[in-house]
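Residue numbers (my numbering), protein chains in the order written: chain A, 1374 to 1775; chain B, 1374 to 1775.
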């Protein structure tokens, strides 16, 4: 897709806003989905005059993680650009990733006589993980020429970032998991599967050995297991692919991290959705493209809290006029995937989307919902097509052929 | 598609039923299609609460044969996995095919002074073909190390299966047709185009020579022409691709043969659609996936018998509650292609489909028909996507990415 689009890109002064209500799509409980149950007069009015449809993040039947979900929205085919597990874990814990870095997911584990007897160190409390990880960080800061950063996660989980002095090869993290996947087995030593992974593997080995020494007196968390070694995906920048100077307005680290993979600007902001919109307004003159992320819609869906999810959608609906007041040339409102409260998790269902622009048919959907969007002019289409539609509606694409 | 899906497959205890009403899709005569004209209260009620849509078996405008139609439903891209004509012919005549076999379509023909003067031996009657083919079988049972099976077909047609002692290479049947395609030409001797086709070619040559000797006193059918040499396609098994233990419930040999290509279990059953459903119930605890084939819908379509086709759909509708009583986790009802009575044959039109599962929107289609299915939540999509949707609805697919 990008090979087709890039030569067509032309610049102008238009502004494009992409609002991602994370996990927006849902399923009916007592006949209505979360969006249908929510009172959303502003979204509904907008849907009536917009181009509507549903997009499929990865493929029919495939449930996307947050990484693939966002990459698709940003115009990158998630099957082509796959993000390593270590990178996603690090991004989720707020660790910044560059092309000089390797990221790894880690577990505290219990080892006895060289055998892993508990891969999760008794699912130790998050608070203890925080303390131990600070201890590791205090004693392990640099190994060979790599700067080491530890980031504690939930329960027994944490992430490590290895930052080298210069950009890494795409195969620099080809190192299988050291986690043997089963208790009763010895951990697997880090093993480089490519030439460029050798120096990374050596650093990983030293981290594991030093950690073992530091943790030797811990009752349970006396070892670390590593999984999902990954470098930053080699991915064209958003500006290079689409000619847009882009700002991420996201109050959760994971989503700033995903935006950073394609080199959007990602200032660390905090606060509510309203705070995000205040920030958007402040920065509105400085960028062409704005990715505004609303996390809590997904969070309530994940919890199976139907009313909570609907309430978060209503909350956004009340703020929507503030975004409309900016009069963006193109406004897209959608989700990165569906998170039906019914399923308490991400799902494969296509995600409703509306595109407001002067160049749409409109008049096909009476409200903004999964079911009404099936009637829309955009049909059901792969998510990766959304960015070309945005550019087209912003008159930022030249004609193809003569 | 399978490269994407296979790593996501997870197993559980769910049951999936795929009902194929062969040639289901139709076109209007006096304003209504066959399904619209049929009285189908059970299908209609199911459509109202199901995910509905239309699927495209091969590509827009392309009319599928039964082979590609079913492979698509089974989750195999019919453009990628093409089934040789000899194999399809043999399957259609009830001949079992394994990976040790070469199958060939044959014609009786008339030869004079080494020149084919009638490629169809005067379109001889089916009854005579049966007799002659039995005669060939009586005298040709084994050639070199190949066991030879003859199967008579309609008019001048029959099939031959060459069964070798061990599995064949994928290129073992690279032998062009011996049929010169035009009267007034000499038959082409079997010519191997690959190393592994040499032994097959030698056997074919001997069959042709022996047949000529056996048939030398026939007035018209004094020679045989061979076409479509083929081995079983190299195709992942259904269980390997989707993690499902599958049973084919099909009372016609062709459809058991197609299911056998992907290694579903294919017991030979006979009788009516009701007999098929009785068999389905008997075997319901032993499998994860059930392919139930209803042939007669297509047969009446092929005959141009609009009322007959509608009646067969009504007949299935009356039996549908027996399938619903099994409470499958996922039930799909569709066809392998359209067979409009108006056209007296297969057609390229997308095929209506419904998916019943707890994880659908529903409420978008008032009845089950081609026209109402255009309003459904599944849209118009390639048939090969149906299996991933089935797996997703059965919660048998893990998340893609994190």
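Positions of the beta carbon are idealized from the N, C-alpha and C atoms, including for glycine.
Remember, predicted model here, so these are calculated numbers, not experimental data.
Not a single CB atom of chain B sits nearer than 8 Å to the CB of residue 1413 of chain A.
About 6 Å separates the Cβ atoms of residue 1546 of chain A and residue 1573 of chain A, confirming a contact at the 8 Å cut-off. In the structure shown, the three-state DSSP call for residue 1529 of chain B is coil. Taking 9 Å as the upper bound on Cβ-Cβ separation, chain B lies near residues 1716, 1718, 1719, 1720, 1721, 1722, 1723 of the region 1716-1733 of chain A.
In this structure, the CA atom of residue 1644 of chain B is about 13 Å from the CA atom of residue 1653 of chain B. For the region 1737-1753 of chain A, the beta-carbon criterion of a distance under 7 Å to any beta-carbon of chain B is satisfied by 1743, 1744, 1747, 1752, 1753. When the beta-carbon positions are compared, residue 1743 of chain B and residue 1411 of chain B stay at least 8 Å from each other. Look at the beta carbons and you see the region 1481-1496 of chain B touching the region 1586-1598 of chain B: at least three pairs across the two are nearer than 8 Å. Under the Cβ distance rule, residue 1420 of chain B does not count among the residues neighbouring chain A, no pair being separated by less than 8 Å. Distance from the Cα of residue 1651 of chain A is smallest, within the candidate group A/1632, A/1582, A/1638, A/1624, for A/1624. Close CB contacts of residue 1452 of chain A within its chain, under the 7 Å cut and outside five residues either way in sequence, are with 1431 (chain order).
Beta-carbon to beta-carbon, residue 1759 of chain B and residue 1705 of chain B are separated by about 7 Å, close enough to satisfy the 8 Å threshold. In this structure, the alpha-carbon of residue 1378 of chain A lies about 12 Å from that of residue 1449 of chain A.
Chain-order list of chain A residues neighbouring residue 1614 of chain B: empty, with the shortest C-beta distance near 13 Å, by a criterion of under 7 Å. Secondary structure note for residue 1603 of chain B: its beta strand (DSSP E) is the uninterrupted segment 1596-1604. A residue is called buried when at least 16 other Cβ atoms come within 10 angstroms of its Cβ; residue 1475 of chain B meets this threshold and is buried. Around residue 1452 of chain A, the beta-carbon contacts reaching into chain B at under 8 Å are 1377. Measuring C-alpha to C-alpha distances from residue 1519 of chain B to each of B/1500, B/1502, B/1539 identifies B/1539 as the nearest. Residues of the region 1380-1406 of chain B whose Cβ lies closer than 9 Å to any Cβ of chain A, in chain order: 1381. Between residue 1626 of chain A and residue 1467 of chain A, the C-beta spacing is below 8 Å. Just measuring C-alpha positions, the residue of A/1381, A/1753, A/1376, A/1374 sitting nearest residue 1767 of chain A is A/1381.
Exclusion of the five residues before and after residue 1415 of chain B leaves 1690, 1693, 1694 as the residues of its chain whose Cβ lies within less than 7 Å of its Cβ.
Pairwise C-beta distances place the region 1422-1430 of chain B out of contact with the region 1585-1594 of chain B, as fewer than three of them are shorter than 8 Å. For residue 1500 of chain A, the number of other beta carbons within 10 angstroms of its own is below 16, and it is reported as exposed. The beta carbon of residue 1446 of chain B sits no closer than 8 Å to any beta carbon of chain A. The Cβ atoms of residue 1670 of chain B and residue 1395 of chain B sit closer than 8 Å to each other. Taking a Cβ-Cβ cut-off of 9 Å, the neighbours of residue 1770 of chain B in chain A comprise 1434, 1435, 1436, 1721, given in sequence order.
The contact set of residue 1701 of chain B on chain A, defined by CB atoms closer than 9 Å, is empty, because the minimum CB distance reaches about 17 Å. Taking a C-beta cut-off of 9 Å against chain B, the contacting residues of the region 1454-1473 of chain A are 1455, 1456, 1458, 1461, 1462, 1465, listed in chain order. Straight-line measurement puts the Cα of residue 1391 of chain B at about 43 Å from the Cα of residue 1528 of chain A.
Just measuring C-alpha positions, the residue of B/1471, B/1700, B/1464 sitting nearest residue 1542 of chain B is B/1471. Taking all protein chains shown into account, residue 1554 of chain B has fewer than 16 neighbouring C-beta atoms within 10 Å of its C-beta and is therefore exposed.
Between residue 1535 of chain B and residue 1548 of chain B a beta carbon distance of about 11 Å is seen, past the 8 Å cut, so the two are scored as non-contacting. By the beta-carbon neighbour count (other beta carbons within 10 angstroms, threshold 16), residue 1734 of chain A is exposed. Between residue 1628 of chain A and the set A/1429, A/1668, A/1614, A/1655, the nearest pair of CA atoms involves A/1668.
At a cut-off of 8 Å, the C-beta of residue 1606 of chain A has no neighbouring C-beta in chain B.
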